[in-house]
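Let me begin by presenting the structure, written as structure tokens, before commenting on it.
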Amino acid sequence: MNKLFIGFSCLLASLILLNACKPKIQGKRSTQAASSPDQKGLKDFYTDYFPMGVAVNPRDLRSDEAKLILQHFNSITAENSMKMGPIHPGENNYDWRDSDSIVNFAQQHGLKVRGHNLLWHQQTPRWLFRDTLSHTDVTKEVLLQRLKDHINNVVNRYKGKIYAWDVVNEVIADDSAIYFRSTPWTQICGEEFVAKAFEYAHAADPKAILFYNDYNTENPVKREKIYRMLKKMLEAKIPIHGVGLQAHWSVNNPTREELEKSIQLFSSLGLQIQFTELDISVYAGRQGGQLIRGQAQTAAFTPEMEQKQLEKYKMIFEVFRKYKKEISGVTFWNISDKYSWLDGRGRKNFPLLFDQNLKPKKAYQEVVNF
Ligand code: GLA
């Protein structure tokens with residue numbers, strides 16, 4: 394009698410347990426499958442092309458944006474959390490909190506992660522270029538050792554979880570007369586730090602795909618300078634596998650011809666291409682559309698802006714699809730017009746495919762209807 398009672402209780406308990414688990418399992422499946430038409434996201438339209446990525450901040454992963462990310466993207470990048478300043482604030486002090494939360498989110502939801510970035514002249518920590526005691530610049534040897542330690546620690550922490558790294562960001566000058574941009578890196582180390590950064594990253598994770606990343610890559614003069622640097626690195630057998638074209642564009646640039654030329658030129662080196670920071674400013678001008686003196690200041694997304702922007706988005710995605718063999722990823726810089734780094738340039742911008750209420754804009758339809 395007792396045994397029967399225990400058996401019955403066990404059966405009942407199992408049934409209750411099974412039932413309690415059911416909604417959870419179904420819930421998880423429904424966010425990932427995205428099969429019904431209104432559940433379909435950018436990534437689903439582009440499964441046969443390339444991963445669709447987006448730059449995120451930790452707070453996005455805890456708000457309404459999280460749902461949008463999971464519906465539309467299968468790759469993420471940290472907008473700021475992995476840059477040297479935030480992640481390595483003191484020589485012996487790393488702050489992993491934000492970067493860990495981004496990598497954990499990706500692991501939990503099966504998203505790819507692009508690491509951004511290991512070396513840049515901006516958002517560097519204060520201690521990096523200075524000797525702690527003398528307060529003068531460190532020597533080249535010390536700076537390279539610090540770079541090596543930094544790369545080793547960061548790349549190792551996310552080994553196997555971050556599949557690609559922007560190793561070096563923006564070292565080529567825009568100014569046509571100058572080759573390398575003058576920064577504390579070049580002032581202390583010459584140009585050698587670029588190759589060293591790639592060697593350190595490759596040693597830390599031989600499987601990671603390593604990128605050089607820059608903007609204005611459709612400008613013929615800058616494009617040529619970047620091309621020459623990459624060619625030299627490849628000839629010297631530096632472990633570099635791809636070039637990141639940032640794609641901070643505007644309604645006026647690039648032209649189809651400029652864009653195709655860049656893809657053809659860089660891929661002729663045998664490097665894979667990723668568009669790493671895509672947005673289309675609604676204002677004229679390169680580099681995301683700076684304030685241009687005399688230009689009307691407006692905070693409205695006008696029908697004219699909307700039209701010009703959707704035409705640009707349509708054109709660039711036609712080109713991206715045409716060159717799908719050369720392109721291994723496209724990443725948007727921020728999620729929706731609710732927040733874009735371009736807003737910080739003195740006026741509201743509307744550079745993305747989702748509006749301030751996280752709803753797809755007309756430009757979105759141009760990107761997915763093909
Ligand atoms: C550059 C950097 C990015 C980001 C943008 C602005 O393109 O590569 O990390 O800082 O500027 O957000």
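If you read the sequence shown in my numbering, its first letter stands for residue 394, the second for the next number, and so on.
Each residue gets a CB set at the ideal place from its N, CA and C atoms; glycine is no exception.
DSSP three-state label for lysine 415, please. Residue confidence is low: lysine 415 scores 34 on pLDDT, short of 50, so the model does not pin down where it sits. Its coordinate-derived value is still stated next. Three-state result, lysine 415: helix.
Measure the CB-CB distance between glutamate 817 and tryptophan 513 and report whether it falls below 8 Å. Within the shown structure, residues of the chain are numbered from 394 to 763, placing residue 817 beyond reach of any answer.
Can you give the Cα-Cα distance for lysine 752 and leucine 671, rounded to whole angstroms? Spanning the two alpha carbons is a distance of roughly 18 Å.
Comparing the CB of glutamate 704 with every heavy atom of ligand 1, is any distance shorter than 7 Å? The answer is no for glutamate 704.
Within a Cβ cutoff of 7 Å, which residues of the same chain sit near glutamate 759, ignoring the five residues on either side of it in sequence? The answer, listed in chain order, is Leu703, Tyr706, Lys707.
Please state whether the Cβ-Cβ distance between serine 721 and isoleucine 633 is less than 8 Å. In terms of Cβ geometry, serine 721 and isoleucine 633 do not form a close pair [threshold 8 Å].
With a threshold of 8 Å, are at least 3 pairs of Cβ atoms found where one atom belongs to the segment 449 to 458 and the other to the segment 505 to 521? Because the criterion of three Cβ pairs below 8 Å is not met, the segment 449 to 458 and the segment 505 to 521 do not touch.
Tyrosine 716 CB to nearest heavy atom of ligand 1 below 7 Å: Relative to the non-hydrogen atoms of ligand 1, the Cβ of tyrosine 716 never comes closer than 7 Å to any of them.
Quick check: the segment 724 to 732 against the segment 645 to 664, are at least 3 beta-carbon pairs closer than 8 Å? Verdict: no, contact absent.
When you compare only the Cα positions, how much space is there between tyrosine 487 and arginine 550? Distance between the alpha carbons of tyrosine 487 and arginine 550 is about 11 Å.
When you measure from the CB of glutamine 639 to every non-hydrogen atom of ligand 1, does any distance come out below 7 Å? The answer is yes for glutamine 639.
If we call anything under 8 Å between Cβ atoms a contact, is valine 560 one with leucine 603? Yes. Within cutoff.
I need the straight-line Cα distance from lysine 618 to glutamine 639, nearest angstrom please. Going from the Cα of lysine 618 to the Cα of glutamine 639 covers about 16 Å.
Exposed or buried, which one is lysine 615 when buried takes at least 16 other CB atoms within 10 Å? Answer is buried; the Cβ neighbour count reaches 16.
So, under 8 Å CB-CB, glycine 446 and serine 468 are touching, yes? Tell me the CB distance rounded to an integer number of Å. With a Cβ gap of about 3 Å, glycine 446 and serine 468 count as contacting.
Between the CA atoms of methionine 698 and asparagine 736 - distance to the nearest angstrom: For clarity, residue 736 is aspartate in the given sequence; the question names asparagine instead. Approximately 16 Å, taken between the alpha carbons.
Within the continuous beta strand (DSSP E) that includes threonine 669, where are the two ends? Under the DSSP assignment, threonine 669 falls in the beta strand (DSSP E) whose first and last residues are 665 to 674.
In three-state terms, what does DSSP make of alanine 448? Under the three-state reduction of DSSP output, alanine 448 falls in the strand class.
From what residue to what residue does the beta strand (DSSP E) around lysine 505 run? Run containing lysine 505: 505 to 512, per the beta strand (DSSP E) assignment.
Since glutamine 464 and glycine 434 should fall inside the 8 Å C-beta cutoff, what is the C-beta to C-beta distance between them, to a whole number of angstroms? Going by Cβ atoms, the distance from glutamine 464 to glycine 434 rounds to 4 Å, so yes, they are a contact pair.
Quick check: is any heavy atom of ligand 1 less than 7 Å from the C-beta of histidine 509? Yes, ligand 1 has a heavy atom inside 7 Å of this Cβ.
Any idea if phenylalanine 747 is buried or exposed, counting beta-carbon neighbours within 10 angstroms, 16 or more meaning buried? Buried is the call here.
Excluding the 5 residues preceding and the 5 following lysine 755 in the sequence, name in chain order all residues of the same chain whose CB lies nearer than 7 Å to its CB. Sequence-distant partners of lysine 755 (beyond 5 residues in either direction) whose C-beta falls short of 7 Å from its own C-beta, in its chain, are Glu699, Leu703.
Secondary structure at phenylalanine 573, three-state DSSP: helix, strand or coil? It is a strand residue.
Mind checking whether valine 449 and glutamate 472 have CB atoms under 8 Å apart? In contact: valine 449 and glutamate 472 (Cβ atoms closer than 8 Å).
Which residues in the same chain as arginine 714 place their Cβ atom closer than 8 Å to its Cβ, once the five residues preceding and following it in sequence are excluded? Excluding positions up to five away in sequence, the list reads Tyr442, Phe763.
Aspartate 568 - DSSP class collapsed to helix/strand/coil: It is coil, neither helix nor strand.
Within the continuous alpha helix (DSSP H) that includes asparagine 549, where are the two ends? Segment 533 to 550, the alpha helix (DSSP H) holding asparagine 549.
Going by beta carbon distance, what residues of the same chain come within less than 7 Å of serine 733, once the five residues before and after it are set aside? Excluding five sequence positions before and after serine 733, the CB atoms of its chain that fall closer than 7 Å to its own CB belong to Asp672, Asn727, Asn742, Pro744, Leu745, given in chain order.
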